[in-house]
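Residue numbers for the sequence shown follow my numbering, so the first one is 764 and each next one is one higher.
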Amino acid sequence: MFDFLDRFMPGILEWLLPRASTYAIEIDVLFDVITILVGFWFFLVLGYFFYLIFRYRHREGQRAEYISGETHKQKQAIEIPHYLILICDVAILVPTFMVWYNIKIDIPPPDEEVRVVSQQWAWTFYHAGADGVLGTDDDIVSINELHLKNNTQYTYHLESLDVMHSFSIPVFRLKQDAIPGRVISGHFKPILTGEWDIQCAEMCGVAHGIMGARVFIETEEEHAAWIAANTPKLSEGEMLAAKDENLPEVKEDQNNG
Ligand SMILES: [Cu+2]
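The following block contains the structure:
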């Protein structure tokens, strides 16, 4: 449905920013539908308003008339636009529920998972590593750099260590609050290679404005090369120590940045 509707839409957001996830088109179409419907009524009402001001401007010797709004015709002037606007509300609500379900409720089975940890004022990303499984010894941890494989279905698990943050990737049309004490899962599937912005979208302290990061969407070969270059090299002793709580710090040092 969204692909079909998109053909008739102006593509306002796409004009500003490319679409890099499968559901970006749904957000864009919804944005266009709202902009068109609200814009239509905005200009219609304002135009009519200024027309009436001009048409019934003050003239010498002409007295104002008191209208009680009780006749059938006068009531219709309120009721007809009222029902038309209700129809427009439904035309916005239906795609809104569909988009909400597709993005927030229905999480497809993932090819890969990624853990996203926010804190004042940085992002830490835990990538699955060569074995493709999150939470194992070959996880790759990076600060302010998220590396994704193109055309791969991801589930992310979002956490916060301190205050509320918001995980925003504009090219994905993704924005999700991070709440301390909770792990919030969601999904995305990148469809466009390149390097794009990640930004915290929730006022989280004095350095909120510079709490940015980058997402790198890579081809399968590029992503494999990045994994090979960044997989932590652990000796057997370190592998045993991996059970130890201190290891994430070691891994972060090796892969920082
Ligand atoms: Cu912030």
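Glycine included, each C-beta is placed from N, C-alpha and C at the ideal position.
query	result
Please work out which residues of its chain come closer than 8 Å, Cβ to Cβ, to Ile797, disregarding the five sequence neighbours upstream and downstream, and give them in chain order.	Ile855
With a threshold of 6 Å (Cβ to nearest heavy atom), would Met927 be considered close to ligand 1?	no
Closer than 8 Å is the cut-off here; do at least three beta carbon pairs connect the region 882–902 with the region 970–989?	yes
Within 10 angstroms of the Cβ of Ile943, are there 16 or more other Cβ atoms? Answer buried if so, exposed if not.	In the sequence on display, residue 943 carries Pro and not Ile. So Pro943 ends up on the exposed side.
So what does DSSP say about Leu909, is it helix, strand or coil?	strand
Alpha carbons only, please: which of Leu924, Val978, Met966 and Asn907 is nearest the one belonging to Leu937?	Val978
Return the CA-CA distance between His910 and Thr859, expressed in angstroms with no decimal places.	30 Å
Around the Cβ of Asp766, are there at least 16 other Cβ atoms within 10 angstroms (buried) or fewer (exposed)?	exposed
Would you identify the three-state DSSP class for Val896, choosing helix, strand or coil?	coil
Under the criterion of a Cβ to heavy atom distance below 6 Å, does Glu965 qualify as lining ligand 1?	yes
Per DSSP, what kind of secondary structure is Ile779 in: helix, strand or coil?	Checking the sequence shown, residue 779 turns out to be Leu, not Ile. Residue state, collapsed to three classes: helix.
Run through the DSSP bridge pairs and tell me what Gly957 is partnered with.	Ile980
State the Cα-Cα distance for the pair Ser923 and Ala941, rounded to the nearest angstrom.	6 Å
Contact between the region 805–817 and the region 947–964 is defined here as three or more beta-carbon pairs at a separation below 8 Å; is this criterion met?	no
Apply the 10 Å Cβ neighbour rule to Glu983 and answer buried if 16 or more other Cβ atoms are within range, or exposed otherwise.	exposed
Put His920 into one of helix, strand or coil per three-state DSSP.	strand
Within this structure, are the beta carbons of Asp795 and Ile775 separated by less than 7 Å?	yes
Can you tell me whether Met861 sits near ligand 1, meaning its C-beta is under 6 Å from at least one heavy atom of the ligand?	no
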